[in-house]
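A.B. asks:
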Amino acid sequence: MKSSLPLSLKEFLEDKAILKVGVGPLEDSNYLTADYGLKVRGCVDLRYLVQQCQESEVSCASKPARGGKSAGGMGLNSLAQKYLDRTLDKDWRVRASDWEAETLTKRQVQHRATQHVLP
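Just so we're aligned: the sequence shown equals residues 26 to 144 in this note's numbering.
1) Measuring straight from C-alpha to C-alpha, what distance separates valine 69 and glycine 47?
2) Do leucine 113 and leucine 101 have their CB atoms nearer than 8 Å?
3) How many whole angstroms separate the CB atoms of tryptophan 133 and serine 122, which I take to be in contact at a CB cut-off of 8 Å?
4) Between lysine 45 and the rest of its own chain, which residues show a CB-CB distance below 6 Å, the 5 nearest in sequence each way excluded?
5) Excluding the five sequence neighbours on either side, which residues of its own chain have a C-beta within less than 7 Å of the C-beta of alanine 42, listed in chain order?
6) How would you call leucine 104, buried or exposed, if buried means at least 16 neighbouring beta carbons within 10 angstroms?
7) If you draw a straight line from the C-alpha of aspartate 110 to the C-alpha of glycine 98, how long is it?
8) At which residues does the alpha helix (DSSP H) containing aspartate 60 begin and terminate?
9) Looking only at its chain, what residues have a beta carbon closer than 8 Å to the beta carbon of proline 50, apart from the 5 residues adjacent to it on each side?
10) Using the beta-carbon count (16 or more within 10 Å), is glutamate 36 buried or exposed?
11) What did DSSP end up calling lysine 115 once you bin it into helix, strand or coil?
12) Assuming serine 56 and leucine 30 make a contact with CB atoms under 8 Å, what is their CB distance in whole Å?
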């Protein structure tokens, strides 16, 4: 197990009343459980919400994908493009960089922030 996390972060992640929304949050929470012994609660997978919206009779407010093309995937980048008209930074050099470093680069911090918090 890795070093401990700040208590405020631990409390946030384990609080089921605070929803953590994302794509594949179960996989991320499994890593946090393995690495830090956390029990992440209150996770909602956007893919499930999109599927429910598409299957329901209630119209889902969305922008058409650029150029009239369908954003076929259910990954975070595809969903951000389709519903928010945003393209996320998917540069492999950032994703494959040293995330265990004592200090993260500015680009790593920006990458994580936009991957986990979208306006």
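We put the CB at the ideal spot given by N, CA and C, even for glycine.
C.D. replies: The answer reads as follows:
1) 7 Å
2) yes
3) Just to set this straight, residue 133 is glutamine in the shown sequence, not tryptophan. Yes, glutamine 133 and serine 122 are in contact; Cβ-Cβ is about 6 Å, under 8 Å.
4) Gly67 and Cys68
5) Gly67
6) buried
7) 14 Å
8) 50 to 61
9) Val65, Cys68, Val69 and Asp70
10) exposed
11) coil
12) Residue 56 is actually tyrosine in this sequence, not serine. Rounded, the Cβ-Cβ distance is 13 Å, inconsistent with contact.
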